[in-house]
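Residue numbers (the working numbering), protein chains in the order written: chain E, 1 to 296; chain L, 1 to 296. What follows is a set of notes on a single structure, which appears directly below.
There are 2 protein chains.
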Amino acid sequence: MWQQYLHQIQQGNIKALARCISLVENEVSGYEALLQSLPDSGKPVIGITGPPGAGKSTLTDALIGTLVNENKKVGILCIDPSSPFNLGALLGDRIRMSDWYNHPNVFIRSLATRGSLGGLHPKIIEISDLLKAAPFDYIIIETVGVGQSEIEIAGLADTTVVVVVPEAGDEVQTMKAGLMEIADIFVVNKADRPGADLFVQNLRLMLAPAFHKKDIPIPVIKTIALQKKGIRELYDGIIAHINHHRFNEKRSWLLAEKTYFLIQQKRMMDINKDEIKNKIEAAGRDFNLYRFIQSY
Amino acid sequence: MWQQYLHQIQQGNIKALARCISLVENEVSGYEALLQSLPDSGKPVIGITGPPGAGKSTLTDALIGTLVNENKKVGILCIDPSSPFNLGALLGDRIRMSDWYNHPNVFIRSLATRGSLGGLHPKIIEISDLLKAAPFDYIIIETVGVGQSEIEIAGLADTTVVVVVPEAGDEVQTMKAGLMEIADIFVVNKADRPGADLFVQNLRLMLAPAFHKKDIPIPVIKTIALQKKGIRELYDGIIAHINHHRFNEKRSWLLAEKTYFLIQQKRMMDINKDEIKNKIEAAGRDFNLYRFIQSY
């Protein structure tokens with residue numbers, strides 16, 4: 001049965017793909033067999049992240065346009081934090097991408113983080129591997145950078161695009177250190193805002209040490225996503241990164257990171273919280289936390 | 001040797017306490033024995049958290065003043081995110097607390113998170129248990145609420161105080177859902193700002209469902225920490241929470257959470273990342289992520 005699903009996915013059957021994503025999401029019995037049957041397709045994964053309000057969805061929307069014009073097929077995963085308090089804002093974002101929902105060369109799937117706090121999605125690695133088995137040319141994962149997620153996307157995407165907006169002149173100093181470390185490409189969106197050029201200049205200065213540490217400079221690309229400006233440059237930057245040998249070095253690092261993460265996750269699931277609670281209650285006042293852990 | 005340290009800590013020897021914190025932080029050989037020798041002192045831990053800029057440090061500073069006036073001894077742990085990009089701002093905060101650094105009834109220790117992203121501090125549970133062994137009446141843990149840390153402090157503190165500032169009228173809607181869930185006491189600081197009363201009113205409305213779910217309402221206390229206003233009410237609120245039976249219910253839940261967390265941590269450390277990397281390299285193109293995990 002799983003072999004049949006895999007065959008359908010490889011043929012580009014979108015319904016089979018959507019179905020399999022749900023089966024993996026819900027851990028329907030036997031889903032591991034499907035995952036184990038996936039071939040290593042080598043399809044590149046492009047991660048798009050950055051702080052809320054940077055215009056990631058608009059930029060992704062525009063990038064899909066360029067890819068479709070180039071006759072490429074593209075699969076997109078959007079990760080939504082599931083807090084009820086910002087649902088409105090997120091839906092607003094999504095509506096902008098709706099042009100592509102019915103395009104034959106575009107597949108979009110939204111995944112809610114469902115309480116995996118600060119993380120991406122409990123099955124994001126598995127689901128992106130499913131997408132890689134389908135006949136897409138590129139996979140895009142778009143995520144709101146909150147807490148850890150911008151760090152985690154670096155362990156998932158072959159090419160990580162960090163999207164920021166120009167702030168008053170020198171405020172690039174306050175940018176989160178994590179974003180600096182994970183970017184393969186920086187995008188300064190809304191580049192028609194005042195102070196954008198100074199911001200880009202400061203950003204390039206800050207990225208200078210990376211130029212020496214890494215073997216290629218980190219490009220800083222100016223875009224105005226709403227006007228589709230700078231998108232071609234972004235596309236070219238992504239292709240250049242994919243064709244560079246650093247891409248392959250990052251790949252083997254990524255594989256180790258993913259394996260490590262999934263082993264962690266498996267070990268966590270092996271811990272029985274109810275059993276722990278029962279043991280604590282049984283021990284009563286005699287319970288000693290540190291002796292208990294030593295013996296566990 | 002560890003028994004002697006424990007004895008000194010119990011006698012109120014601050015140098016021994018500071019030394020033992022460093023030994024635990026650096027996992028100096030045998031530190032587990034010290035932890036296992038700690039008695040269950042039942043000392044209450046007060047957690048103070050909230051978004052950056054809410055005035056947590058100023059509030060903690062004022063609260064220490066009230067405790068000291070009541071002739072109480074108090075141990076404080078401050079958790080600083082260690083990003084070099086906001087060190088300046090954090091140091092500014094710390095300076096305000098410096099009045100207490102040399103007071104005989106006050107012990108303050110700052111802990112950097114050192115890259116444990118979104119978390120509190122890798123050894124925060126152990127260090128707070130060390131403090132509980134010393135003759136303090138109360139332990140305060142103050143943490144900048146970024147990412148997961150405000151959630152994690154709820155698994156550490158017997159009484160969690162969430163500090164917020166009044167925003168324009170209805171913006172309480174945008175408050176992070178996590179803060180709602182973890183608060184035992186809400187503090188609206190900078191309550192002299194315009195719109196504070198409306199904000200407090202809205203906050204109480206939002207907390208209303210919790211009133212029905214839980215058996216006591218969540219107090220919302222107005223403070224102006226810089227002017228030391230409302231601090232007595234906060235102190236009384238904390239004492240009321242500690243004396244309520246819900247406090248003890250939370251305690252057993254906390255113990256299970258801590259145990260679970262430390263077991264997770266131990267299991268993670270058992271995973272050998274280098275070994276994984278070597279196996280991946282040895283397998284080369286034949287490496288299958290999902291088969292590997294199944295077998296691990």
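Where a beta carbon is used, it is the ideal one built from N, C-alpha and C, also for glycine.
Those residues which DSSP pairs with residue i across a bridge
i	result
Thr259 (chain L)	The partner list for Thr259 (chain L) (beta bridge, DSSP) is empty, contrary to what the question assumes.
Phe186 (chain L)	L:Val162, L:Val220
Phe107 (chain L)	L:Gly75
Interface flag, residue i vs chain L, CB-CB below 9 Å
i	result
Ser252 (chain E)	yes
Gly55 (chain E)	no
Asp129 (chain E)	yes
Gln10 (chain E)	no
Met1 (chain E)	no
Tyr296 (chain E)	yes
Tyr5 (chain E)	no
Phe292 (chain E)	yes
Arg285 (chain E)	yes
His245 (chain E)	no
Ile263 (chain E)	yes
Tyr260 (chain E)	yes
Gln227 (chain E)	no
Lys43 (chain E)	no
Asp158 (chain E)	no
Glu281 (chain E)	yes
Ala191 (chain E)	no
Glu167 (chain E)	no
For residue i, the three-state DSSP class (helix, strand or coil)
i	result
Ile231 (chain E)	helix
Ala112 (chain E)	strand
Phe292 (chain E)	helix
Val45 (chain L)	strand
Ile140 (chain E)	strand
Arg193 (chain E)	coil
Met1 (chain L)	coil
Leu198 (chain L)	helix
Asn272 (chain E)	coil
His302 (chain E)	Look at the range of chain E in this structure, 1 to 296, and you will see that residue 302 (chain E) is not part of it.
Asn102 (chain E)	coil
Asn278 (chain L)	helix
Ala157 (chain L)	coil
Asn13 (chain E)	coil
Ala54 (chain L)	coil
Lys123 (chain E)	coil
Ala240 (chain E)	helix
Leu207 (chain E)	coil
Glu181 (chain L)	helix
Contact with chain E by residue i, beta-carbon distance below 9 Å
i	result
Phe186 (chain L)	no
Glu32 (chain L)	yes
Asn288 (chain L)	yes
Lys132 (chain L)	no
Arg204 (chain L)	no
Lys123 (chain L)	no
Glu249 (chain L)	no
Asp270 (chain L)	yes
Leu207 (chain L)	no
Leu35 (chain L)	yes
Glu25 (chain L)	no
For this session: Please confirm if the segment 181-190 of chain E is in contact with the segment 48-61 of chain E, defined as three or more CB-CB distances below 8 Å between the two stretches.
Result: yes
Exercise. Are at least three pairs of beta-carbons, each pair with one atom in the segment 243-258 of chain E and one in the segment 271-282 of chain L, less than 8 Å apart?
Worked result: yes
Exercise. Which whole runs of the alpha helix (DSSP H) in the segment 15-39 of chain E are 4 residues long or more, in chain order?
Worked result: 31-37
For this session: Say whether the segment 232-249 of chain L touches the segment 200-207 of chain L, bearing in mind that this needs 3 or more beta-carbon pairs closer than 8 Å, one atom from each stretch.
Result: no
Exercise. Can we say the segment 24-33 of chain E touches the segment 216-226 of chain E, given the rule of at least three CB pairs closer than 8 Å?
Worked result: no
For this session: Take every Cβ of the segment 32-46 of chain E, pair it with every Cβ of the segment 121-136 of chain E, and state whether three or more of those distances are shorter than 8 Å.
Result: yes
Exercise. Quick check: the segment 45-53 of chain L against the segment 152-166 of chain L, are there 3 or more CB pairs under 8 Å?
Worked result: yes
Problem set entry | Touch test, the segment 62-79 of chain E against the segment 226-238 of chain E, Cβ-Cβ under 8 Å, three pairs minimum | yes
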